[in-house]
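Visitor:
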Amino acid sequence: MNSTDLIAVAVLVALFWLYRNLDSIKEFINEQFFDDDPALGVNSSGSRDLAEVLRENDKNYLVLFGSQTGTAEDYAKKFGKELTARFQLRVMVADLENYDFESLNDLPDNMPVTFVISTYGEGDFPDGSVNFEQFLNELDEGDDALNSLRFSIFGLGNTTYEFFDGAARKALDKLQAAGANLIGRLGEGDDGAGTTDEDYMTWKEETIDLLQKELDLQEDENKDYQPSFNFTQLNEITEKTSLGEPSKQYLPSETLQYNAEGKQRGPFDLNQPFIAPIIESHELFESPERNCIHTEFDISGSEITYETGDHLAIWPSNSNETVAQFLKVFQLNPDEIFDLKAKDSTMKLPFLSPTTIGAVVRYYLEITGPISRQSLGLLVNYAPASIKDHIVKLSKDKDLFATELLKPKYNLADALLSLNNGEPWNNVPWLLLIEMLPKLLPRYYSISSSSLSEPNTIHATSIVENTANNITGINTTGVTTNLLRHISLSRSNNKFSEIEQMPVHYDLNGPRNLFTDSHLPIHVRHSTFRLPKNSNVPVIMIGPGTGVAPFRGFIRERYAQVTKQNIDLTTLGKMILFYGSRDNNDYLYKDEWIEYGNILQDKFEIDVALSRVQEKKVYVQHRIMERKSEITDLLNKGAHIYVCGDAGRMAKDVQRSIVTILSETKNITESEAQEIVKAMKVAGKYQEDIW
Ligand code: FAD
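Numbering (the working numbering), first residue to last: 287 to 977.
1. Ala846 and Ser739: beta carbons closer than 7 Å?
2. For Gln660, name the three-state secondary structure that DSSP assigns.
3. Between which two residues does the alpha helix (DSSP H) containing Phe583 stretch?
4. Return the chain-ordered list of same chain residues with a C-beta closer than 6 Å to the C-beta of Ala669, the five sequence neighbours on each side being excluded.
5. For the segment 339–373, list the alpha helix (DSSP H) runs that are entirely contained and at least 4 residues long, ordered along the chain.
6. Taking the alpha helix (DSSP H) that Arg455 falls in, what are its first and last residues?
7. Nearest-angstrom Cα distance between Asp975 and Pro563?
8. Between Glu427 and the rest of its own chain, which residues show a CB-CB distance below 6 Å, the 5 nearest in sequence each way excluded?
9. Can you give me the Cβ contacts of Gln504 inside the same chain, cut-off strictly under 8 Å, excluding the 5 residues immediately before and after it?
10. Start and end of the alpha helix (DSSP H) containing Phe840?
11. Sorted by chain position, which residues of the same chain lie with C-beta nearer than 8 Å to Gly934's C-beta, five sequence neighbours on each side aside?
12. So, helix, strand or coil for Asp700, using DSSP?
13. Expressed to the nearest angstrom, what Euclidean distance is found between the alpha-carbon atoms of Leu703 and Leu375?
14. Pro559 and Pro807 look like a contact to me (Cβ under 8 Å); what is the Cβ gap, rounded to whole Å?
15. Return the chain-ordered list of same chain residues with a C-beta closer than 7 Å to the C-beta of Lys967, the five sequence neighbours on each side being excluded.
16. Roughly how many angstroms separate the alpha carbons of Asp596 and Asp675, rounded to a whole number?
17. Let me confirm a value: Leu691 is counted as buried when at least 16 other C-beta atoms fall within 10 Å, else exposed. Which label applies?
18. How is Asp872 classed by DSSP in three states: helix, strand or coil?
19. Where does the unbroken beta strand (DSSP E) through Ser776 begin, and where does it stop?
20. Excluding sequence positions up to five away, which residues of its chain have a Cβ less than 6 Å from the Cβ of Tyr928?
21. Leaving out five residues on either side along the sequence, give the residues of the same chain with a beta carbon under 6 Å from the beta carbon of Phe421.
22. Should Val379 and Ala362 be called a contact, given that it needs their Cβ atoms to be closer than 7 Å?
23. Quick one: measure Cβ to Cβ for Asn604 and Thr654, integer angstroms, because I've assumed they're closer than 8 Å.
24. Taking 6 Å as the cut-off, is the CB of Glu751 close to at least one heavy atom of the ligand FAD?
25. Report all residues from its chain with a CB closer than 6 Å to the CB of Lys903; omit the five preceding and five following residues, and keep chain order.
26. Between which residues of its own chain and Tyr385 is the CB-CB distance below 7 Å, once the five residues before and five after are set aside?
27. So does His286 have its beta carbon nearer than 6 Å to some heavy atom of the ligand FAD?
28. Assuming the contact rule is C-beta atoms closer than 8 Å, Thr493 and Gly470 should be a hit. Round their C-beta distance to whole Å, please.
29. Report yes if the C-beta distance between Asn799 and Gly859 is below 7 Å; otherwise report no.
30. Is Glu648 helix, strand or coil by DSSP?
31. Any heavy atom of the ligand FAD within a distance shorter than 6 Å of the CB on Ala937?
32. Helix, strand or coil: which one does DSSP assign to Val714?
33. Do Gln550 and Leu542 have their CB atoms nearer than 7 Å?
34. Answer yes or no: do Pro620 and Leu613 have a C-beta to C-beta separation smaller than 7 Å?
35. According to DSSP, is Asn953 helix, strand or coil?
36. Comparing the CB of Trp1024 with every heavy atom of the ligand FAD, is any distance shorter than 6 Å?
Right under this line is the structure:
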């Protein structure tokens, strides 16, 4: 053999070795680069070809989700998990963001696909699903490009919005127009009516029945829970162990990145927050029965920027009381250290790992919200024998479940303890809890500052969710808003008794003291809620309660245009703010409006409806009707209308008033007036920021 032969043999041997060890190499790459990064959510090969990834991972069912805030992802996972548990299907649950769709019509074995898609803004697809929307838009109607595709679809939306479930409806139309075959019907979860969970349950039961027939699925008698992750108990905490850090960058083993100006590098989003110092925080209400907290976050140490009208995401943690109750019911040891590894490369870890049980319960799992019937159903097999029959009944009977568990506003731990006479449920697998419970997600706040007036701080105005509960005696509390109040009180020296009286308390230091001295993780989500580009366009703002938040930002913007940019006051369009509160005690930013008026003069006006200071309740919509002719006049001058706050009644009542005004003053029918409002919405002249 000459040297060329020797090289050829060596290359062949190396190739043979690579081929033999391909799986171990893949696993090694997985462990090193993918498994410990929950933000990644892509398959380890990095391929965007759906058919290829499904084939490589030997999957026979596909669930694709498009999620803006994590809810659609959560339902997609629940659906996939149920198919796996009941029928032993090998399901891949994947984010639309991570794939291309050219092979959608050529999936292995013609496997069906379930889409779970949420709608955002005015009927829009979630940000991460724009590639899917583009794919749908490029399909030629009637050319049967997707005639082999069988699919089911569940959309998440809110009926208080004009374009309810717009994204899923559009996906359905486009898929069917390209010849794809729908299994069952479009399921639609309505957050506006608060029925998403029950809407999902009804759709899911119908769809799974149909799938069972269509795919001839045999229900597995031995329905034992099969975890998607491998669990390893560990003995020591290292620099790589998460104690609840909000993202990988904050682990001691990592190094934060800074730019040349010394600002922490982004991007800051759902995958990585900025841990911002709170530089101001105070109570806005004057009477102690209810609380509303004004908080100012300093963003100067980061690359975060925002625009007036954007949303601030605040990353919360669970309270000591709810964490303790959760640990108690499932008899969990918070100090237990463990590592998780996904069983296959298409699975994504739900949080940073290795970690501890205590960190997961406090920082990563949503444990306070209402218990869901689906979750109770998953726990049936682990119910204490003496109450098992009752648990089965509750999980199947929607009305009984609503009366016994939803009406008293139980969370999971309180419900299970109450059902078992205060005794724990010892047998529930920890991994099942991890997979069953939603992720603790950031809460959004309409930013109440102006990026022109205060580019380095972001203000939030948050009403504290805390209501007495006569049935259980345990106050129903919101996670984030009580945390904001706890921080606010802790910044004063003389608020000990108020802190003591709070229904819930938090670990304000956070993991490895990251949150000490009033810090919280945040990021900014850009919105489309914007003042008109041209500042001479008049604006009508309607924002009762904390709905006033973005309008404080809008007015501060115009105030800064005059005081900082010396814009001539006479060129500004009129700004009229319809604000409402119960009485003078909860009249937000009362003194500030006077100051704005002093500078903006007749270009700013606030019209206040105090609902409870007279016998008959007066709300913003009544004030709007009283000023019909001025509103008409402003609309004739091209005014934009903005509505912010309660999506339930207020936004609808306000829209009805505007429709009535248009119909009366233009002498047209109500449905014609509704069409005008619809057209204004499409043109961005009637904007809503409602929740
Ligand atoms: P969560 O923990 O999310 O609880 C939500 C509600 O459920 C609370 O009322 C809580 O008491 C109740 N609850 C808790 N447990 C149970 C149970 N077991 N059963 C039944 N009910 C239960 N809010 C503002 O105050 N100001 C704003 O400017 C603002 N802007 C927003 C902008 C956008 C785009 C969106 C989407 C929302 C906005 N919100 C705003 C609402 C805000 O995001 C939060 O939803 C709100 O502050 C409550 O958050 P939380 O974590 O305190 O409550």
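Using N, Cα and C, we set each Cβ at its ideal position, and we do this for glycine too.
Guide: Taking the definition as stated:
1. yes
2. helix
3. No alpha helix (DSSP H) contains Phe583, which is instead part of the beta strand (DSSP E) from Cys578 to Asp584.
4. Ile677
5. 357–373
6. Gly452 to Ala463
7. 27 Å
8. Ala463
9. Phe373
10. Ala835 to Thr849
11. Thr446 and Gly478
12. helix
13. 33 Å
14. 4 Å
15. Glu408 and Glu448
16. 49 Å
17. buried
18. helix
19. Where Ser776 is concerned, there is no enclosing beta strand (DSSP E), although the alpha helix (DSSP H) it sits in stretches over Val765 to Ser776.
20. Met827 and Gln973
21. Phe387
22. yes
23. 7 Å
24. yes
25. Ser897
26. Arg334 and Leu336
27. The question about residue 286 has no answer, for the chain in this structure spans 287 to 977.
28. 5 Å
29. no
30. According to the sequence as given, residue 648 is Arg; it is not Glu. In this structure, Arg648 counts as helix in the three-state DSSP scheme.
31. no
32. coil
33. yes
34. yes
35. coil
36. Absent from the model: residue 1024. The displayed extent of the chain is 287 to 977, so no value can be given.
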